[in-house]
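Colleague: Quick one: the structure is below, questions incoming.
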Amino acid sequence: MSAPTDRKFLGRLSLPERRYLTDALRTETVGGVLLLLAAVTALVWANSPLADGYETVQDFHLGPAALGLDLSIQHWAADGLLAIFFFVAGIELKRELVAGELRDPRAAALPVVAALCGMIAPALVYALVNAVGDGSMDGWAVPTATDIAFALAVLAVIGTSLPSALRAFLLTLAVVDDLFAILIIAVFFTSDLNFAALGGAFAGLVLFWVLLRKGVRGWYVYVPLALVIWGLMYNSGVHATIAGVAMGLMLRCTTREGEEHSPGEHIEHLVRPLSAGLAVPLFALFSAGVSVSGGAIHDVFTQPVTLGVVLGLVVGKTVGIFGGTWLAARFTRAELNPDLAWPDVFAVASLAGIGFTVSLLIGELAFAGDDVLTDEVKASVLIGSLIAAVCASVLLKLRVRKYQALCADEERDEDQDGIPDIYEEDDPEYHLRMAEIYERKAAEHRQRAQVAGASRDGTARPA
Numbered sequence: 001m002s003a004p005t006d007r008k009f010l011g012r013l014s015l016p017e018r019r020y021l022t023d024a025l026r027t028e029t030v031g032g033v034l035l036l037l038a039a040v041t042a043l044v045w046a047n048s049p050l051a052d053g054y055e056t057v058q059d060f061h062l063g064p065a066a067l068g069l070d071l072s073i074q075h076w077a078a079d080g081l082l083a084i085f086f087f088v089a090g091i092e093l094k095r096e097l098v099a100g101e102l103r104d105p106r107a108a109a110l111p112v113v114a115a116l117c118g119m120i121a122p123a124l125v126y127a128l129v130n131a132v133g134d135g136s137m138d139g140w141a142v143p144t145a146t147d148i149a150f151a152l153a154v155l156a157v158i159g160t161s162l163p164s165a166l167r168a169f170l171l172t173l174a175v176v177d178d179l180f181a182i183l184i185i186a187v188f189f190t191s192d193l194n195f196a197a198l199g200g201a202f203a204g205l206v207l208f209w210v211l212l213r214k215g216v217r218g219w220y221v222y223v224p225l226a227l228v229i230w231g232l233m234y235n236s237g238v239h240a241t242i243a244g245v246a247m248g249l250m251l252r253c254t255t256r257e258g259e260e261h262s263p264g265e266h267i268e269h270l271v272r273p274l275s276a277g278l279a280v281p282l283f284a285l286f287s288a289g290v291s292v293s294g295g296a297i298h299d300v301f302t303q304p305v306t307l308g309v310v311l312g313l314v315v316g317k318t319v320g321i322f323g324g325t326w327l328a329a330r331f332t333r334a335e336l337n338p339d340l341a342w343p344d345v346f347a348v349a350s351l352a353g354i355g356f357t358v359s360l361l362i363g364e365l366a367f368a369g370d371d372v373l374t375d376e377v378k379a380s381v382l383i384g385s386l387i388a389a390v391c392a393s394v395l396l397k398l399r400v401r402k403y404q405a406l407c408a409d410e411e412r413d414e415d416q417d418g419i420p421d422i423y424e425e426d427d428p429e430y431h432l433r434m435a436e437i438y439e440r441k442a443a444e445h446r447q448r449a450q451v452a453g454a455s456r457d458g459t460a461r462p463a
């Protein structure tokens with residue numbers, strides 16, 4: 001079986017890449033639905049008569065104070081549970097760089113440029129709105145993030161399945177987006193460095209790397225070490241989620257002789273359900289509970305900070321990703337897959353305007369100490385993401401029949417060998433198998449024709 005030679009923009013993925021994508025996005029879709037349910041639960045809880053209970057749970061502190069880890073539940077969710085999410089993001093990024101779409105600079109150019117423009121444009125929209133409205137520039141990074149799990153949950157809810165090329169483009173966008181979000185958090189939200197703790201965290205990461213290179217195995221070695229590294233990173237003043245990213249990037253994501261999956265892929269397969277199904281939904285549960293009264297919604301559209309976030313997500317993301325992709329394709333002379341069209345890219349760009357998990361985290365970091373403004377920014381993230389989801393749903397539904405036909409072609413496996421037929425078009429053995437299948441069907445229909453003819457003749461004689 002030969003590998004596909006189609007390297008057009010949004011062209012067919014290789015079979016291993018498609019299988020990896022399908023497995024990863026299946027977990028993320030389930031996690032996205034749980035994330036959506038957690039967000040709705042938080043909103044209902046925070047706007048119900050039990051709202052005081054929600055705040056009490058959020059602010060409940062636990063953890064060893066002697067280690068500087070006497071944190072609130074909300075703090076544990078943002079700094080602790082999201083470290084798992086960023087650990088998976090680190091593995092994804094490493095895999096994309098060494099074995100995925102980002103390993104080839106020519107193939108990587110378009111999604112990287114699209115992701116960069118999709119972060120720069122929302123920041124510029126936010127800055128413009130706040131410059132005109134005399135607002136705070138502190139939240140410029142809030143609308144720059146895309147939430148792949150929430151985007152997939154929207155697809156699941158509206159019943160639209162994207163062709164694998166569009167799903168891969170969306171995932172690659174989210175991976176690059178996560179990389180730059182990590183850099184933003186590390187550079188712009190680090191203060192009051194504790195160099196002793198930072199040095200300890202660095203030493204722990206070096207030990208983590210050495211153990212990996214020596215081939216040491218066992219969760220009982222790595223999990224306690226990871227917790228120590230996380231704790232030191234938290235106390236260093238650098239956001240603790242950076243520890244998760246660093247450890248994820250250290251894992252080997254290439255296979256060696258005799259290996260079906262790399263260690264990175266194996267660990268990602270084990271940890272991703274924990275991240276998507278538990279860590280991120282719990283973060284949403286304790287972070288998304290904000291007031292959504294009529295006055296609060298009015299404030300979102302009248303204050304420059306919150307309006308900048310909404311427009312950044314809805315307008316900035318869409319224009320940035322679509323514009324960056326179109327310009328990159330034009331200057332690199334990349335040809336768009338003839339099965340798709342530029343409106344498909346625009347629809348995916350609008351879907352990327354759903355910025356939930358990382359946007360909420362950056363909002364908390366950007367306006368730490370101002371609880372009122374933090375809640376208003378969270379409300380703007382929720383409203384902006386909802387508007388982006390509605391717009392994307394409408395655009396995707398306009399092309400749903402085309403997507404269904406493309407997905408059916410990708411899934412068809414008439415010879416039932418476990419490999420989609422579209423990947424075997426250049427394999428002589430596949431065509432021989434199909435010839436046998438059709439010959440058996442032809443023989444069966446000839447036999448049925450004879451039986452039907454004999455039955456009809458037999459019925460006709462008595463008459």
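Heads up: the sequence shown is residues 1 to 463, going by the numbering used here. Beta carbons are placed, not taken as given, at the ideal position from N, Cα and C, and that holds for glycine.
1. With distances taken from CA atoms, which of GLN447, ASP299, ALA284 and LEU406 is nearest VAL44?
2. Within 10 angstroms of the Cβ of THR56, are there 16 or more other Cβ atoms? Answer buried if so, exposed if not.
3. Please list, in chain order, all residues of the same chain as TRP140 whose beta carbon is under 7 Å from its beta carbon, the five residues on each side excluded.
4. Taking its Cβ as the centre, do 16 or more other Cβ atoms sit within 10 Å of ALA392, making it buried, or is it exposed?
5. How about the segment 70-83 and the segment 229-247: do they share at least three Cβ pairs that are nearer than 8 Å?
6. Nearest-angstrom Cα distance between LEU15 and TYR423?
7. Taking the alpha-carbon positions, what's the TYR54 to ASP375 distance?
8. When you compare only the Cα positions, how much space is there between THR29 and SER359?
9. Does the segment 423-436 come within contact of the segment 33-47, defined as at least 3 CB pairs closer than 8 Å?
10. Report the residue ranges of all beta strand (DSSP E) runs contained in full by the segment 1-77; include only those spanning at least 3 residues, in chain order.
11. How many Å lie between SER161 and ARG167 at the Cα?
12. Buried or exposed: VAL132, going by 16 or more other Cβ atoms within 10 Å of its Cβ?
13. CB GLY355 to CB ASP147, shorter than 7 Å?
14. In the structure shown, what three-state DSSP assignment does LEU170 receive?
15. Using CA coordinates, which residue listed in ASP370, LEU93 and ILE437 is at the minimum distance from GLU414?
16. Give me the residue from THR190, ILE84, TRP209 and ALA174 with the minimum Cα distance to LEU116.
17. To the nearest whole angstrom, what separates the beta carbons of ILE229 and MET250, a pair I think is in contact under 8 Å?
18. Between the alpha carbons of GLN416 and MET233, how many angstroms are there, rounded?
19. ALA203 lies in the alpha helix (DSSP H); which residues open and close that run?
20. Using alpha carbons as the reference points, say which of VAL216, LEU193, ALA203 and MET119 lies closest to LYS317.
21. Let me know if LEU67 comes out buried or exposed under the rule of 16 or more other beta-carbons within 10 Å of its beta-carbon.
22. Rounded to whole angstroms, what is the Cα-Cα separation between GLN450 and ARG440?
23. Just to confirm my understanding: we take LEU198, look at its own chain, exclude 5 residues before and 5 after, and list those with CB closer than 7 Å. What are they?
24. Judging by CA-CA distance, which residue of CYS253, ALA347, SER48 and PRO143 is the nearest neighbour of LEU313?
25. Is there contact here, the segment 204-216 with the segment 172-186, by at least three beta-carbon pairs under 8 Å?
26. In the DSSP assignment, find the unbroken alpha helix (DSSP H) run with GLN416 in it and report its ends.
27. Please report the straight-line C-alpha distance between LEU205 and THR306, rounded to a whole angstrom.
28. By the DSSP assignment, the alpha helix (DSSP H) with ARG330 in it spans what residues?
29. Under 7 Å, do ALA121 and GLY294 count as touching if we go by C-beta distance?
30. May I have the straight-line CA-CA distance separating ASP52 from SER287, to the nearest angstrom?
31. Along the chain, where does the alpha helix (DSSP H) that runs through PRO338 open and close?
32. If I follow the unbroken alpha helix (DSSP H) through VAL280, where does it start and stop?
33. I'd like the list of long-range same chain contacts for MET434, defined as Cβ closer than 7 Å, with 5 residues on each side in sequence excluded.
Modeller: The relevant details are as follows:
1. ALA284
2. exposed
3. ALA123, TYR126 and ALA127
4. buried
5. yes
6. 7 Å
7. 14 Å
8. 19 Å
9. no
10. none
11. 9 Å
12. exposed
13. yes
14. helix
15. ILE437
16. ALA174
17. With a Cβ gap of about 11 Å, ILE229 and MET250 do not count as contacting.
18. 51 Å
19. 195-213
20. MET119
21. exposed
22. 15 Å
23. SER236 and VAL238
24. PRO143
25. no
26. That residue, GLN416, is in no alpha helix (DSSP H); it is neither H nor E in DSSP.
27. 38 Å
28. 317-332
29. no
30. 15 Å
31. Segment: none, PRO338 is in no alpha helix (DSSP H) and carries neither H nor E.
32. 280-287
33. GLU414 and ASP415
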